[in-house]
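*Asks:* Quick one: the structure is below, questions incoming.
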Amino acid sequence: MMKQKKTGVITGNGRKNGMYHHGGEIYGQNIQYDFSVNVNPLGMPPGVKHFLRSEKALHYAGIYPQNGNAELTEAIAKKEKVPPARIVCGNGASELIYAVFAALKPKSVLLSVPAFSEYEQAAVRHGSRVHYHDRMKEILDKTAFPPDASRTAPAAFASGREEDRGRTRANILVQLQEEKPEMIVLCNPANPTGECIPPLLMKRILELAGQLKSTVLVDECFLPFVEGQEKRSAGTYLTDIGEEKSPALLILKAFTKFYAMPGLRLGYLMGFGIDRTEKIRMFLPDWNVSSIAQQAGILALGDERYEQDTREYLSPEREYMRTELGKLGAVIYGGEADFLFWRGKAGLKEELFSRGILIRDCSNFRGLEDAPKGLCYYRTAIRRHEENEVLLWNLREVLTGVGNRRLPGDMDGNGIC
């Protein structure tokens, strides 16, 4: 059960030594294959790699960053077709999340869970009362399928139920009308579950938020992985809603996942409708984005071929992994990003860890703590095909005790669940 100290710092729910567990915790560990972090399996864009190996990178490392990130902001504005004044750059998405809550200090927040833990942490740190919209009931009902079932796009948010589940309800629109939060936090696609918000529902949420005068913060860090992503962004719906009825909308993106640059720490926020970006900018320090990160970001944004190659690779490989994990008995849930969310036998993380493979145990996400007895929810990244084969081979060996690393198709009936 989540506990809260008087300081507003959360304890429990996956915290260790005052910090939350995240993916990518490989330091000091003998990890050869990290499936716990969801970064682009193609690695950084070629131009970024070349830059980081060059004398030019050394030059930028030796000078102060451009204060205000003007060149980077112009590149983002061109890419997103948004005025530069409505863009705020940050030292990764996490810095921007905390800046949003520090600047706006919403009295109440509706957070759709399970979700990235920093949203809840930032809200509590700045005194917000957090309400939870629990998607898991809908996800379990709507998006689980056996390996041979139809793979239509998931509609996890589309349930019409209004049943009370403690502090959560299945219908987010009903919950918004009842609780009238000052801020709504959504992830599209969601992490760790990987499902996108259906377009019609996103539009209805934004319309209702406009009526309630609520600020909407949408995390779209994984959206570039999704086919047709340019039509799925929350900002595209404001034209239909109309300027007078639009809410204050903030869209968060990062270079961490799609451009495989987690170590450079680079993200950005875009303001739509009633603009809040100038207020948020005041809560960020000068020179918050390094010179090297600024230049790497500009280069990454200009590589359209890399974007195309990523989506062309990811879609069939994700389906391959979905099918092969299903053959092993995993219960897989609809996912549209660069990872899969599935349920399997408890203890698989530890078994694979002993083999130098790291997967994400999701039991410390709010809403995923209570898996059925003997089972656990996992998230695994889609990596290069040969790396994905290593994961599948080792899962099979763990489950069957067979040590000859046969291909997954040779299963003899023993499964993950």
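Taking this note's numbering, the leading residue of the sequence shown gets -11, the next gets one more, and so forth.
Beta carbons are placed, not taken as given, at the ideal position from N, Cα and C, and that holds for glycine.
Any idea if GLU183 is buried or exposed, counting beta-carbon neighbours within 10 angstroms, 16 or more meaning buried?
*Replies:* buried
*Asks:* Which one or two residues does DSSP pair with ASP297 in a beta bridge?
*Replies:* DSSP, once it has assigned bridges, lists no residue as partnering ASP297.
*Asks:* May I ask you to report which of helix, strand or coil DSSP gives TYR52?
*Replies:* coil
*Asks:* Measure from the alpha carbon of LEU272 to the alpha carbon of each residue in PRO33, ALA90, LYS66, then state which is nearest.
*Replies:* ALA90
*Asks:* Tell me which residues share the same chain as LYS69 and place their Cβ nearer than 7 angstroms to its Cβ, disregarding the 5 neighbours each side in the sequence.
*Replies:* Contacts found: none.
*Asks:* Is it buried or exposed, MET270, if we count other Cβ atoms within 10 angstroms and call 16 or more buried?
*Replies:* exposed
*Asks:* For ASP349, does the three-state DSSP call read helix, strand or coil?
*Replies:* Reduced to three states, the DSSP call for ASP349 is strand.
*Asks:* Are GLY419 and GLY80 closer than 7 angstroms when you measure CB to CB?
*Replies:* Any answer about residue 419 is impossible in this case: the structure gives the chain only from -11 up to 405.
*Asks:* Verify whether the separation of the beta carbon atoms of ARG264 and ALA236 is less than 7 angstroms.
*Replies:* yes
*Asks:* So what does ALA242 bridge to, in DSSP terms?
*Replies:* GLY255
*Asks:* Would you tell me roughly how many angstroms separate the C-alpha atoms of ARG354 and ILE19, rounded to the nearest one?
*Replies:* 26 angstroms
*Asks:* Could you compute how far the alpha carbon of LYS44 sits from the alpha carbon of GLN283?
*Replies:* 10 angstroms
*Asks:* Leaving aside the five residues before and after ILE127 along the sequence, list all residues of the same chain whose C-beta is less than 7 angstroms from its C-beta, in chain order.
*Replies:* ALA144, THR181, GLU183, TYR321
*Asks:* Could you pull the start and end residues of the alpha helix (DSSP H) that ARG192 belongs to?
*Replies:* 187 to 200
*Asks:* Give the straight-line distance between the Cα atoms of SER279 and THR311, rounded to the nearest whole angstrom.
*Replies:* Using only the alpha carbons, I get a separation of about 43 angstroms.
*Asks:* Going along the chain, which residues of its own chain have a beta-carbon closer than 8 angstroms to the beta-carbon of ALA359, five neighbours each way excluded?
*Replies:* ARG331, ALA334, SER351, TYR365
*Asks:* Spatial neighbours of SER262 within its chain, please: C-beta separation below 6 angstroms, excluding the five flanking residues on both sides.
*Replies:* It should be pointed out that residue 262 corresponds to Ile in this sequence rather than to Ser. Result list for ILE262: ALA236, in chain order.
*Asks:* Just reading off the beta strand (DSSP E) that ASP207 is part of, what are its end residues?
*Replies:* 203 to 207
*Asks:* Could you tell me the distance, in whole angstroms, from the CA atom of LEU40 to the CA atom of TYR52?
*Replies:* 17 angstroms
*Asks:* For the 8 angstroms Cβ check, are there 3 or more pairs between the segment 108 to 123 and the segment 162 to 178?
*Replies:* yes
*Asks:* Give the DSSP bridge partners of CYS364, in chain order.
*Replies:* GLY332, per the DSSP bridge assignment.
*Asks:* Going along the chain, which residues of its own chain have a beta-carbon closer than 6 angstroms to the beta-carbon of ASP207, five neighbours each way excluded?
*Replies:* CYS175, LEU240
*Asks:* Could you please give the first and the last residue of the uninterrupted beta strand (DSSP E) stretch that includes LEU99?
*Replies:* 96 to 101
*Asks:* Using the Cβ count rule (16 or more neighbours within 10 Å means buried), how would you classify PRO134?
*Replies:* Note that PRO134 scores a pLDDT of 38, beneath 50, so its modelled location is shaky and nothing firm can be said.
*Asks:* Within this structure, are the beta carbons of ASP326 and LEU346 separated by less than 7 angstroms?
*Replies:* no
*Asks:* Please state whether the Cβ-Cβ distance between ALA369 and ASN26 is less than 7 angstroms.
*Replies:* yes
*Asks:* Under 6 angstroms Cβ to Cβ from PRO94, same chain only, skipping five residues before and after it: list those, please.
*Replies:* SER116, GLU170, MET171
*Asks:* Could you give the DSSP three-state label for MET249: helix, strand or coil?
*Replies:* coil
*Asks:* Have a look at the DSSP bridge pairing and note the partners of TYR120.
*Replies:* LEU99
*Asks:* Which partner residues does TYR21 have in the DSSP bridge list?
*Replies:* ILE345
*Asks:* Give me the DSSP bridge partner(s) of PHE78.
*Replies:* The residue asked about is misnamed: residue 78 is Gly in this sequence, not Phe. The partner list for GLY78 (beta bridge, DSSP) reads GLY255.
*Asks:* Name the two residues that bound the continuous beta strand (DSSP E) containing TYR321.
*Replies:* According to the DSSP assignment, TYR321 belongs to the beta strand (DSSP E) that extends over 319 to 321.
*Asks:* With distance defined between alpha-carbon atoms, name the residue in VAL319, PRO33, PHE243, GLU385 nearest to ILE64.
*Replies:* PHE243
*Asks:* One question on the structure: do PRO29 and LEU356 come within less than 7 angstroms of each other, judged by their Cβ atoms?
*Replies:* For PRO29 and LEU356, no; Cβs fall outside 7 angstroms.
*Asks:* Under 7 angstroms between the Cβ atoms of LEU383 and LEU316?
*Replies:* Cβ atoms of LEU383 and LEU316: closer than 7 angstroms.
*Asks:* Once DSSP output is grouped into helix, strand and coil, what is the label at ALA178?
*Replies:* coil
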